[in-house]
Structures are given as C-alpha cells and as structure tokens.
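> Per this note's numbering, the sequence shown starts with residue 5, numbered consecutively.
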Amino acid sequence: MKVKALTAAMISALMLTGCQTEEQNVTASLLYVSTVQVDAPVKNQFRTFKGEVVPAEKTPIAFRSTGELREVYVKAGDHVEAGQLIARLDDNAVRQTYNDAKARYTLASRQLERGRGLRSNEMISEAELDELQANAQLARAQFALAQNQLKYTELKAPFTGTVSDVPKERFERVQAGEPVVNLYQDNKVYVQIELSDNLLSMINPTGERIPYTPQVTFSGIDGAYQMRYLEHTSEPNEQTGSYEMWLSMAQVSPEILPGTTATVSVDMVQAGISAVDGYKVPMTVLQAGDEKGRFYVWKLKDDQVNRIEVAVSEVTGDGAIVASGISEGDILVNSNLRKLREGKKVEATEKSNG
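(1) Where does Glu-242 fall in DSSP's three states?
(2) Look up Gly-211 in the DSSP assignment and say whether it is helix, strand or coil.
(3) Given a cut-off of 9 Å on the beta-carbon distance, is the pair Thr-71 and Leu-93 in contact?
(4) Can you list, in chain order, the residues of its chain with a C-beta nearer than 8 Å to that of Glu-26? Leave out the 5 residues immediately preceding and following it.
(5) Grouping DSSP H, G and I as helix and E and B as strand, with all else coil, what is Ala-292?
(6) Could you have a look at Phe-175 and say whether DSSP puts it in helix, strand or coil?
(7) Could you tell me whether the Cβ atoms of Leu-203 and Ala-44 are closer together than 9 Å?
(8) Would you check if the distance between the CB atom of Phe-163 and the CB atom of Ala-86 is smaller than 9 Å?
(9) Output needed for Trp-302: all residues of its chain with C-beta closer than 6 Å, excluding positions within five of it in sequence on either side, in chain order.
(10) Below 7 Å CB to CB, which residues in the same chain sit around Ser-246 once its five sequence neighbours on both sides are set aside?
(11) Measuring from the CB of Thr-70, is there a heavy atom of the ligand ZN at a distance below 8 Å?
(12) Any idea what DSSP makes of Gln-230, helix, strand or coil?
(13) Report buried or exposed for Thr-21, applying the criterion of at least 16 other Cβ atoms within 10 angstroms of its Cβ.
(14) Hey, out of Tyr-300, Glu-158, Met-127, Leu-251, whose CA is closest to Lys-180's CA?
(15) By how many angstroms is the C-alpha of Gln-151 removed from the C-alpha of Tyr-216?
(16) Run the CB neighbour count on Ser-317, radius 10 Å, all protein chains shown included, and call it buried at 16 or more, exposed below.
(17) Taking the alpha carbon of Val-350 as the reference point, which residue from Ser-257, Val-98, Leu-304, Asp-322 has its own alpha carbon closest?
(18) Determine contact between the region 33–41 and the region 256–264, defined as no fewer than three beta-carbon pairs at a distance below 8 Å.
(19) Is Asn-152 helix, strand or coil when you go by DSSP?
(20) Comparing C-alpha positions only, which one of Leu-142, Lys-284, Gln-196, Tyr-300 sits nearest to Leu-111?
(21) Hey, how far is the Cα of Ala-161 from the Cα of Val-170?
(22) Using the C-alpha atoms, what's the distance from Asn-191 back to Thr-221?
(23) DSSP three-state label for Ala-80, please.
(24) Assuming Gln-230 and Met-253 make a contact with CB atoms under 8 Å, what is their CB distance in whole Å?
(25) Roughly how many angstroms separate the alpha carbons of Met-272 and Tyr-233, rounded to a whole number?
(26) Please look up how many angstroms separate the CB atoms of Val-319 and Gly-329, rounded, as I've assumed it's under 8 Å.
(27) Return the CA-CA distance between Asp-134 and Arg-74, expressed in angstroms with no decimal places.
(28) For Gln-291, which residues of its own chain have a beta-carbon under 6 Å away from its beta-carbon, when the five flanking residues on both sides are left out?
(29) Let me make sure I understand the geometry here. Which of Val-289, Leu-149, Asp-306 has the alpha-carbon closest to that of Ser-69?
(30) Can you look up Leu-344 in the DSSP assignment and give me helix, strand or coil?
(31) Using only CA atoms, which one of Leu-35, Leu-34, Gln-49 lies nearest to Gln-274?
(32) Among Val-185, Ser-113, Arg-120, Arg-123, which residue has its Cα nearest to the Cα of Thr-63?
(33) Which residue's Cα is closest to the Cα of Glu-117: Asp-307, Asn-103, Ala-138?
(34) Return the CA-CA distance between Gln-146 and Ala-107, expressed in angstroms with no decimal places.
(35) Measuring CA to CA, which of Ser-269, Ile-128, His-83 is closest to Val-167?
(36) Given a threshold of 16 other Cβ atoms within 10 Å of its Cβ, counted over all protein chains shown, does Leu-359 qualify as buried or as exposed?
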C-alpha cells in the first residue's frame, strides 16, 4: 500500500510540474505589444503638387545617313523656324556620286531620244530601243537615289521651336538615326507632376470628365495660370515608385522656360476626385516590404495579428497618410513588428489613437 501511495504521489507531482512548465512556456511565448487605433479619415479638399516645366514635344533630330559632321548652325536656346538648316554632313563623296549619276542620266536620256528617231526611220531594231529605254530608266533611278543621298546630308528643322541641347559637335562622325539636335515646341508649356497610384486611380482621362482646370503658379513669375490635363504614364517611375502626369497650356509672355519650378493647386471636389486623402498613422506601424514602395501594417483582432498591405500616399512630419488597406477603428500594432508572424497571438499593453 505504501508503494502504491508513493507511486501515486510521484505521478501527481510529475503532472503538476508538466502543467506548470506548459503554462510557463505559453506565458514566455506570449508577445506584448503596444497598439494604435485608426482615427477618422483625413479630408483635404485642396491639395498642392510640386512640379517642373518640361520641354513640350521634345524631339531628337537626326540625319538619315552616316557621315562626318561638317557644320552645326545652332546652339542650345536658339529659336528655329520649320525648314531652317540646322546642321550639315561632309558631302564631298556624296556630291561626286550625285554628279556622276546626273551625267549618266543625261547621257542615257539623250541616247534614248536619238534612238527613238533612229527607230522611226527603222535604222535600229525594237530590241535596241528597248535596251536604250531600260538604260535611261536605270540611270534615272540612280540619279534620284543620289539626289536623296545628297539631300540627306542636310538636317532641317521639322517644326518651329527651340533647341534644348546639341549633343554632337563639329567634325564628329555620326550614325544614321543618331540624335544631333534636340528640339521642342516653344509655343506650349508642359508641367510634369508626380502622383501616387491611389490618386491616379481616381482619374479617368478616357471617360467623361469634369472640365476642371487646376491653378498653376511658376517660380519668379507673377500670377496664376489655368492648365489642362495632357497625359499620364501607365507604369510607375522605377526610382520614385510614383506615376507621372503632364499638364498643358499655351505659351505666355514673358516666356516660361523648361526647368522652372511649378506649384499645381487642385480643388479635389471640383476635379471630381474624392477629397479623402486617407488615414493618418504613426510611421512606427509601417513595415517595409521586399519591393520598393510596398508597405504593410499588422492588424490586431481577437488577440491575433494579420499582415495587411497598405498604400501610402503621403509622408508628413507627424506620420503617414495611408490611402487604402485600413479603416477607421482598426487596431494596429505599434511595436515589435519584426517578431510578429501571421496569426500570432499577442497581448496589447498600451493603446493610443492614431
């Protein structure tokens, strides 16, 4: 009996010890975190965007043939008219080919003319006349080709505009299609701004739009100007992760030059875009993803956390504006983000408002 009692006591002690160890492990694995509750969305009817004046319809101008650059008649900042000669290649060899082709064509044409007279008097055969006609046609084709090659040694402005830069210099050898001069239309003003993907998704340039024109001011120039939407990119910039949009208007006096800083003021309501910017949260709730521009937050619900991808539209001095992924009243984890795993149980020790 004593042996049975001792055995029972030992089993009870072992079971008690096992339970205590399990409870200690659970307690040790439980992660304590601080949290933030998402407040009401931030609404801002008026927004401003920093931008820059860029060359309008900037076009690289190149020769159609390869050669040595003999003359460049323009420099950056010059105004040119459509059809104005702006550069020339060394045309010595091409001109010699042109002269030879012209001489052969002249000779073949005269021979054909005489041959027709001889054929009318039946002094040559029909086959001989056909040969003279073929020679004349071939000479004419070669002469036309030589004319084009000579013409291609001259580079003329395809439209009226301003030279933005000249990447080539005199005596350099250039390949066909290699830009020699960059030209842009100086009768237009283009402003480029950057937009986040969530804001861009609210704009539908192909559909029915409110005819709203934002106000734009330029550094060093008095007054504000109305500009219209021109176009936007369909893919984000690799470096900034944001999308690019262009606004357009006619050139004014004094002329607004490329490189001028611009400030675009938009009434979001009049523009037909939601005035809700998003939800302001502390930077400490954001966890960077593997790719640039991707962010996540950890939502706490029923003592468990889940990782949610969010879209950050703006970063301010006192936090970040999250445009999508969270809602008012959500509880976000604010500490120990690196230790969190999907579905992990945590206990909130401190909660504050975003």
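Even for Gly, the Cβ is constructed at its ideal location relative to N, Cα and C.
It should be emphasised that the depicted structure is a prediction, and the values quoted were computed from it without experimental measurement.
Reading it off the structure:
(1) Working through the sequence shown from its first residue, we reach residue 242 at position 238. Three-state DSSP puts Glu-242 in coil, outside helix and strand.
(2) Along the sequence shown, one-based indexing puts residue 211 at 207. Note that Gly-211 scores a pLDDT of 47, beneath 50, so its modelled location is shaky; the value from the coordinates is reported in the next line. Residue state for Gly-211 is assigned as coil, using DSSP reduced to three classes.
(3) Position 67 of the sequence shown holds residue 71. Position 89 of the sequence shown holds residue 93. Per the sequence presented here, residue 71 reads as Gly, with Thr not at that position. Taking 9 Å as the Cβ cut-off, Gly-71 and Leu-93 qualify as a contacting pair.
(4) In the sequence shown, residue 26 corresponds to position 22, counting from 1. Because the pLDDT of Glu-26 is 47, which lies under 50, any placement of that residue in the model is unreliable, and the question is left without a value.
(5) Locating residue 292 in the sequence shown gives position 288, counting from the first residue. Residue state, collapsed to three classes: strand.
(6) By 1-based counting over the sequence shown, the position of residue 175 is 171. The three-state reading of DSSP puts Phe-175 in coil, since its state is none of H, G, I, E or B.
(7) Within the sequence shown, the letter at position 199 stands for residue 203. Within the sequence shown, the letter at position 40 stands for residue 44. No, the Cβ-Cβ distance between Leu-203 and Ala-44 is not below 9 Å.
(8) Position 159 of the sequence shown, counted from the first residue, corresponds to residue 163. Position 82 of the sequence shown, counted from the first residue, corresponds to residue 86. Cβ atoms of Phe-163 and Ala-86: closer than 9 Å.
(9) As a working mapping, residue 302 is identified with position 298 in the sequence shown. By the criterion of a C-beta distance shorter than 6 Å, Trp-302 is surrounded in its chain by Val-309, Arg-311, Val-337, Leu-344, once the five residues flanking it on both sides are discounted.
(10) As a working mapping, residue 246 is identified with position 242 in the sequence shown. Same-chain partners within the cutoff: Glu-198, Leu-199, Ser-200, Pro-240.
(11) Of the ligands one can find in the structure shown there are none, so the ligand ZN has no counterpart to examine.
(12) Taking the first residue of the sequence shown as 1, we reach residue 230 at position 226. Here DSSP, grouped into helix, strand and coil, assigns Gln-230 to strand.
(13) By 1-based counting over the sequence shown, the position of residue 21 is 17. Reliability fails at Thr-21, whose pLDDT of 49 lies under 50, so the model's placement of it is uncertain and no value is given.
(14) Translated into the one-based positions of the sequence shown, residue 180 becomes position 176. Looking at the sequence provided, one finds Ala at residue 180 rather than Lys. It is Glu-158 whose Cα lies nearest to the Cα of Ala-180.
(15) By 1-based counting over the sequence shown, the position of residue 216 is 212. By 1-based counting over the sequence shown, the position of residue 151 is 147. Rounded to the nearest angstrom, the gap between the Cα atoms of Tyr-216 and Gln-151 is 52 Å.
(16) In the sequence shown, residue 317 corresponds to position 313, counting from 1. Classification of Ser-317: buried, given that the 10 Å Cβ count is 16 or more.
(17) Indexing the sequence shown from 1 puts residue 350 at position 346. Of the residues Ser-257, Val-98, Leu-304, Asp-322, the one whose Cα lies closest to the Cα of Val-350 is Leu-304.
(18) Note that the region 33–41 does not touch the region 256–264; fewer than 3 beta-carbon pairs, one per stretch, sit closer than 8 Å.
(19) If you number the sequence shown from 1, residue 152 lands on position 148. Three-state result, Asn-152: helix.
(20) If you number the sequence shown from 1, residue 111 lands on position 107. Per the Cα distances, Leu-142.
(21) Taking the first residue of the sequence shown as position 1, residue 161 is located at position 157. Taking the first residue of the sequence shown as position 1, residue 170 is located at position 166. Straight through space, the alpha carbons of Val-170 and Ala-161 are spaced by roughly 13 Å.
(22) As a position in the sequence shown, residue 221 is number 217, starting the count at 1. As a position in the sequence shown, residue 191 is number 187, starting the count at 1. Straight across, the Cα-Cα distance linking Thr-221 with Asn-191 is about 18 Å.
(23) By 1-based counting over the sequence shown, the position of residue 80 is 76. In the structure shown, Ala-80 sits in coil (DSSP, three-state: anything other than H, G, I, E or B).
(24) In the sequence shown, residue 230 corresponds to position 226, counting from 1. In the sequence shown, residue 253 corresponds to position 249, counting from 1. 7 Å between Cβ atoms; contact.
(25) Taking the sequence shown and counting its residues from 1, the one referred to as residue 272 is at position 268. Taking the sequence shown and counting its residues from 1, the one referred to as residue 233 is at position 229. The alpha-carbon atoms of Met-272 and Tyr-233 are separated by roughly 14 Å.
(26) Translated into the one-based positions of the sequence shown, residue 319 becomes position 315. Translated into the one-based positions of the sequence shown, residue 329 becomes position 325. At roughly 16 Å, the Cβ-Cβ gap does not stay under 8 Å, so Val-319 and Gly-329 are not in contact.
(27) Against the sequence shown, residue 134 aligns to sequence position 130. Against the sequence shown, residue 74 aligns to sequence position 70. Each residue's alpha carbon lies about 44 Å from the other.
(28) Within the sequence shown, residue 291 is the residue found at index 287, counting from 1. Apart from the 5 residues on each side of it in sequence, Gln-291 sits with its Cβ closer than 6 Å to the Cβ of Tyr-300, Leu-341 in its chain, given in chain order.
(29) The count along the sequence shown starts at 1 and reaches residue 69 at position 65. Ser-69 has its Cα closest to that of Leu-149, out of Val-289, Leu-149, Asp-306.
(30) What you label residue 344 is simply residue 340 of the sequence shown in a count that begins at 1. Correct three-state label for Leu-344: coil.
(31) Working through the sequence shown from its first residue, we reach residue 274 at position 270. Selected option, being the one with the closest Cα: Gln-49.
(32) Stepping through the sequence shown from its first residue, residue 63 is reached at position 59. Among Val-185, Ser-113, Arg-120, Arg-123, the Cα nearest to that of Thr-63 is on Val-185.
(33) For this step, residue 117 is matched to residue 113 along the sequence shown. The option with the nearest alpha carbon to Glu-117 is Ala-138.
(34) Numbered from 1 along the sequence shown, position 142 holds the residue referred to as residue 146. Numbered from 1 along the sequence shown, position 103 holds the residue referred to as residue 107. CA-to-CA, the gap between Gln-146 and Ala-107 works out to about 11 Å.
(35) The residue you call residue 167 lines up with position 163 of the sequence shown. Proximity to Val-167 across Ser-269, Ile-128, His-83 peaks at His-83, based on C-alpha coordinates.
(36) What is shown of the chain runs 5 to 358, which leaves residue 359 out entirely.
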